[in-house]
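A quick write-up on the structure given underneath.
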Amino acid sequence: MLLPTGQEIRYYDTITMRHNETKVFLHSHVERYPLKYDDGRISSQGQQVTGCAAGHNDDNNNWQIIPTNALPETEVGRYVRHGDLIQLLHVNTQTYLLTGAHPRYDHTRHNYTLFHLNINEGHDGEVVKSKSGHFRLVHGRTKVSMWTHPEQLSEWVFKQ
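The opening residue of the sequence shown carries number 1 in full-length UniProt numbering; numbering runs sequentially from there.
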């Protein structure tokens with residue numbers, strides 16, 4: 001994913017993220033996944049998260065970087081650094097990005113919203129900057145990187 005502008009990124013900044021290869025933006029909206037898919041699988045009916053085509057300016061591509069622990073007043077404006085454990089808050093719906101099949105229990109749900117922001121070839125303490133390179137979002141619990149593919153999705157997800 002390529003960061004959008006050439007500046008240091010701080011906690012609580014609102015950003016958009018575009019995948020390096022498919023050129024789609026990380027996107028969400030209020031619509032939910034269907035309870036039952038065409039192939040018979042059952043879903044959690046979670047909020048849809050997709051990729052939105054580049055060039056399509058959409059406020060649903062906006063995400064805020066949230067620290068996993070409250071920042072003291074003295075650290076307001078703190079930079080996001082390589083390897084930091086973060087949460088991504090979808091600005092329009094005020095919901096956190098979470099991994100796929102997750103428990104619906106509020107006391108464990110938090111663990112499914114945690115991601116490491118790893119700069120490709122980054123080093124400890126390196127400040128994350130937009131348009132300075134590429135990064136991976138790696139789920140904290142499963143260690144799986146977020147990915148995308150070029151196939152268009154079903155009608156129920158607006159063929160995004």
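Where is the CB? At the ideal position from N, CA and C, for every residue including glycine. Note that the structure is a prediction, hence the values are computed from the model and not measured.
Residue i: first and last residue of the uninterrupted beta strand (DSSP E) it sits in
i, result
"T50", "Q47 to C52"
"L117", "F115 to I119"
"W63", "W63 to P67"
"Q87", "L85 to H90"
"L137", "F135 to H139"
Euclidean distance between Cα positions of residue i and residue j
i, j, result
"E73", "K36", "46 angstroms"
"F135", "E126", "12 angstroms"
"T50", "R41", "19 angstroms"
"G6", "N20", "16 angstroms"
"E121", "V80", "16 angstroms"
"G77", "D38", "46 angstroms"
"V138", "E75", "25 angstroms"
"L117", "D13", "14 angstroms"
"S130", "Y112", "25 angstroms"
"I65", "F115", "11 angstroms"
Burial state of residue i, where buried means 16 or more other Cβ atoms lie within 10 Å
i, result
"Q48", "buried"
"S145", "exposed"
"L98", "buried"
"H90", "buried"
"V30", "exposed"
Nearest to residue i (by Cα), restricted to the options the options
i, options, result
"T148", "I66, Y11, V24 and L114", "V24"
"R18", "W63, F115, T95 and H110", "W63"
Proximity test, residue i beta-carbon vs the ligand SAH heavy atom, cut-off 8 angstroms
i, result
"L98", "Absence of the ligand SAH from the depicted structure is noted, as is the absence of any ligand whatsoever, leaving it without description."
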